[in-house]
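Novice: Can you read through this structure? Questions will come right after.
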Amino acid sequence: MSTASSIELSQRVQSIQPSATIAMATKAKELKATGAKVYDFSLGEPDFTTPDHICAAATQAMKEGKTHYTPAAGTVELRAAISEDYQKTHGISYAPSQVVVSNGAKHSLHNVLATLCNPGDEVIIPAPYWVSYAALVELTGATPVILETKQEENFLLKPETLEAAINERTKVLMLCSPSNPTGSMYDEAALKGLAEVVLKHSLLVITDEIYEKLVYEGRKFVSFPTVDPQLVDRTIVVNGVSKAYAMTGWRIGWALAPEAIAKGMSKLQSQQTSGPSSIAQAASVAALTSSQDCVEEMLEQFAKRRSYVQGRIANIPRLTNTDMDGAFYAFINISSYFGKSFGGTQVDDSETFCLQLLEQQQVATVMGSAFGAEGYVRISYATSMDILEAGFDRLEAFLKSAQ
Ligand SMILES: Cc1ncc(COP(=O)(O)O)c(C=O)c1O
Numbered sequence: 001m002s003t004a005s006s007i008e009l010s011q012r013v014q015s016i017q018p019s020a021t022i023a024m025a026t027k028a029k030e031l032k033a034t035g036a037k038v039y040d041f042s043l044g045e046p047d048f049t050t051p052d053h054i055c056a057a058a059t060q061a062m063k064e065g066k067t068h069y070t071p072a073a074g075t076v077e078l079r080a081a082i083s084e085d086y087q088k089t090h091g092i093s094y095a096p097s098q099v100v101v102s103n104g105a106k107h108s109l110h111n112v113l114a115t116l117c118n119p120g121d122e123v124i125i126p127a128p129y130w131v132s133y134a135a136l137v138e139l140t141g142a143t144p145v146i147l148e149t150k151q152e153e154n155f156l157l158k159p160e161t162l163e164a165a166i167n168e169r170t171k172v173l174m175l176c177s178p179s180n181p182t183g184s185m186y187d188e189a190a191l192k193g194l195a196e197v198v199l200k201h202s203l204l205v206i207t208d209e210i211y212e213k214l215v216y217e218g219r220k221f222v223s224f225p226t227v228d229p230q231l232v233d234r235t236i237v238v239n240g241v242s243k244a245y246a247m248t249g250w251r252i253g254w255a256l257a258p259e260a261i262a263k264g265m266s267k268l269q270s271q272q273t274s275g276p277s278s279i280a281q282a283a284s285v286a287a288l289t290s291s292q293d294c295v296e297e298m299l300e301q302f303a304k305r306r307s308y309v310q311g312r313i314a315n316i317p318r319l320t321n322t323d324m325d326g327a328f329y330a331f332i333n334i335s336s337y338f339g340k341s342f343g344g345t346q347v348d349d350s351e352t353f354c355l356q357l358l359e360q361q362q363v364a365t366v367m368g369s370a371f372g373a374e375g376y377v378r379i380s381y382a383t384s385m386d387i388l389e390a391g392f393d394r395l396e397a398f399l400k401s402a403q
């Protein structure tokens with residue numbers, strides 16, 4: 001009989017780290033529980049509640065008895081709504097059988113990777129990347145290949161950098177646009193450049209477009225497969241309701257994929273989780289098919305906060321960042337403060353910076369190292385103006401205290 005202390009966890013689980021954004025948010029919550037006021041810029045979720053008409057659709061679904069298992073790949077209604085939404089917005093028609101609905105976009109990413117990757121395969125991930133990408137690839141036994149991008153190039157992957165990293169083991173390229181953590185977005189020309197390399201080498205592409213509805217100041221979002229018709233057979237588009245509709249807790253995400261991949265994902269999901277919550281799926285149909293005014297209203301609030309954040313960063317000496325085309329993050333270069341001492345602690349890396357900022361000024365951020373980019377911190381501006389104002393005052397005071 002094994003005792004708790006002698007239980008050995010699998011090497012897969014031992015090899016991955018817990019999500020750093022969730023870890024920082026947990027630290028902030030622990031501090032809050034002690035009675036401290038915390039200025040939390042760590043979590044990537046809208047601070048708005050889910051719009052009423054979406055909640056009403058969930059209530060209605062329960063009243064109508066839609067409380068049973070759904071098909072493993074999601075209800076026919078939701079898959080049709082997803083496919084219609086994509087067709088209306090981007091002009092490509094996916095059959096409902098090419099849509100697989102999962103328990104959040106994170107689960108969709110896991111299912112796509114688990115459906116495609118074998119040990120020994122390489123998956124290219126441009127850095128800075130969303131915290132979970134590398135871990136999700138590692139869980140399949142494949143190898144993440146991290147490609148650095150530059151702040152002065154808006155953290156966008158260049159076709160020549162991609163080309164140079166490809167070998168016979170390369171299977172998948174992962175893209176995220178608009179990006180968590182940088183807010184950068186690929187325009188059509190940039191995507192065309194990458195598409196040429198992808199098609200030349202017959203790569204598969206997972207494009208995470210979960211922030212597509214959150215773009216600012218007239219910028220135009222372009223979905224990857226739309227830049228060349230040949231990409232439709234090589235691309236898996238991942239999206240979900242979490243960010244655009246303030247539905248992070250409902251756990252609905254999806255993938256639009258070539259038929260064979262969708263079938264594989266659906267088979268995997270049938271053995272793994274079955275279909276996601278029937279009630280959350282009904283609510284997601286309402287989100288996609290009713291008026292999009294709620295998205296516009298939230299976007300307006302995010303846009304105000306984005307301008308405020310951009311102004312504050314520009315006015316703090318030696319901080320820099322990029323344009324923030326979309327999503328709700330600022331990825332701030334803090335490296336010019338390395339080597340300085342804050343309240344007696346020398347700061348030489350982004351993790352120490354974030355921990356000291358939390359301890360000394362109760363401002364929670366996430367270290368760039370968690371996104372594969374040392375020298376930066378990510379702040380999420382999906383929080384109220386009051387918190388942003390007070391939090392930036394505190395960040396400024398912290399930086400002024402540098403010795
Ligand atoms: C880039 C990106 N992809 C996927 C997700 C996961 O979203 P979901 O809540 O649908 O699992 C997130 C959430 O933070 C994200 O930032």
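If you count by the working numbering, then the sequence shown holds residues 1 to 403, one letter each, in order. The beta carbon of each residue, even a glycine, is placed where N, CA and C say it ideally should be.
With a CB to CB cut of under 6 Å and the five nearest residues on each side skipped, what residues in its chain are close to T140?
Specialist: So the qualifying residues of the chain are L113, A114, C117.
Novice: For S177, tell me which candidate among P225, V309, L9, V363 has the shortest Cα-Cα distance.
Specialist: The shortest Cα separation from S177 among P225, V309, L9, V363 belongs to P225.
Novice: Determine contact between the stretch 324 to 333 and the stretch 369 to 386, defined as no fewer than three beta-carbon pairs at a distance below 8 Å.
Specialist: Touching, per the Cβ criterion.
Novice: What is the DSSP secondary structure of E217, reduced to helix, strand or coil?
Specialist: Three-state DSSP puts E217 in coil, outside helix and strand.
Novice: Residues in its own chain within less than 6 Å of A244 by CB, not counting five upstream and five downstream?
Specialist: So the list reads K213, V295, once near-sequence residues are dropped.
Novice: Decide yes or no for the touch test of the stretch 294 to 309 against the stretch 201 to 219: beta carbon pairs closer than 8 Å, at least 3 of them.
Specialist: Touching, yes.
Novice: Relative to the alpha-carbon of D52, which residue among S132, S341, A286, S83 has its alpha-carbon at the smallest distance?
Specialist: Nearest of S132, S341, A286, S83 to D52, Cα basis: A286.
Novice: Which partner residues does E122 have in the DSSP bridge list?
Specialist: DSSP output for E122 lists T143, T170 as bridge partner(s).
Novice: In this structure, how does DSSP classify G44 when only helix, strand and coil are distinguished?
Specialist: DSSP places G44 in coil when its eight states are reduced to three.
Novice: Taking the alpha carbon of V363 as the reference point, which residue from K340, F392, D348, Q346 has its own alpha carbon closest?
Specialist: Comparing Cα-Cα distances from V363 to each of K340, F392, D348, Q346, the minimum goes to F392.
Novice: Am I right that K340 and A402 are in contact with their C-beta atoms under 8 Å? What's the rounded C-beta distance?
Specialist: With 8 Å as the limit, K340 and A402 qualify as a contact, their Cβ atoms being about 4 Å apart.
Novice: Which residues in the same chain as L358 place their Cβ atom closer than 6 Å to its Cβ, once the five residues preceding and following it in sequence are excluded?
Specialist: So the qualifying residues of the chain are A364.
Novice: What separation, rounded to the nearest whole angstrom, lies between the Cα atoms of K32 and G344?
Specialist: Roughly 24 Å between the two C-alpha positions.
Novice: Check whether the Cβ atoms of F155 and S184 sit closer than 7 Å, and answer yes or no.
Specialist: Going by C-beta atoms, F155 is nearer than 7 Å to S184.
Novice: Tell me the start and end of each unbroken alpha helix (DSSP H) in the stretch 270 to 300 that is at least 4 residues and wholly inside, in chain order.
Specialist: Runs of the alpha helix (DSSP H) inside the stretch 270 to 300: 278 to 289.
Novice: Report buried or exposed for V414, applying the criterion of at least 16 other Cβ atoms within 10 angstroms of its Cβ.
Specialist: With the chain covering only 1 through 403, there is no way to say anything about residue 414.
Novice: Run through DSSP, which three-state label would G91 get?
Specialist: G91: coil per DSSP, three-state reduction.
Novice: Which residues bound the alpha helix (DSSP H) around G391?
Specialist: Residues 385 to 400.
Novice: Using CA atoms only, rank isn't needed, just tell me which of E152, A164, G218, I261 is closest to V205.
Specialist: Of the candidates E152, A164, G218, I261, the one whose C-alpha sits nearest the C-alpha of V205 is I261.
Novice: If you follow the beta strand (DSSP E) that R378 is part of, which residue opens it and which one closes it?
Specialist: Its beta strand (DSSP E) spans residues 376 to 380.
Novice: Starting from L256 and walking both ways along the alpha helix (DSSP H), at which residues does that stretch end?
Specialist: L256 -> not in any alpha helix (DSSP H); beta strand (DSSP E) instead, spanning 253 to 256.
Novice: Measuring from each Cβ to the nearest heavy atom of ligand 1, keep the ones under 6 Å and list them in chain order.
Specialist: So the residues near ligand 1 by this Cβ test are G44, G104, A105, K106, W130, C176, N180, D208, I210, G240, S242, T248, G253.
Novice: Using CA coordinates, which residue listed in K192, T322, N321 is at the minimum distance from D228?
Specialist: For the residues K192, T322, N321, the minimum Cα distance to D228 belongs to K192.
Novice: If contacts are defined as beta-carbon pairs under 8 Å, then I92 and V232 qualify, I think. What distance do you get, rounded to the angstrom?
Specialist: Right, the Cβ-Cβ distance comes to about 6 Å (below 8 Å), so this counts as a contact.
Novice: Going by DSSP in three states, K487 sits in which element: helix, strand or coil?
Specialist: Look at the range of the chain in this structure, 1 to 403, and you will see that residue 487 is not part of it.
Novice: When you compare each of L199, Q230, M385, S284 to V241 by their alpha carbons, which one comes out closest?
Specialist: Minimum Cα distance to V241 is reached at S284.
Novice: Any chance you could list the beta strand (DSSP E) runs of at least 3 consecutive residues sitting entirely within the stretch 9 to 70, in chain order?
Specialist: None, since the stretch 9 to 70 contains no complete beta strand (DSSP E) of that length.
Novice: With burial defined as no fewer than 16 other Cβ atoms inside 10 Å of the residue's Cβ, what is the status of R251: buried or exposed?
Specialist: Under this definition R251 is a buried residue.
Novice: Which partner residues does V363 have in the DSSP bridge list?
Specialist: According to DSSP, V363 bridges with Y39.
Novice: Roughly how many whole angstroms lie between the Cα atoms of L256 and V101?
Specialist: In a straight line, the C-alpha of L256 is about 9 Å away from that of V101.
Novice: Answer yes or no: do F48 and M298 have a C-beta to C-beta separation smaller than 7 Å?
Specialist: Contact: yes.
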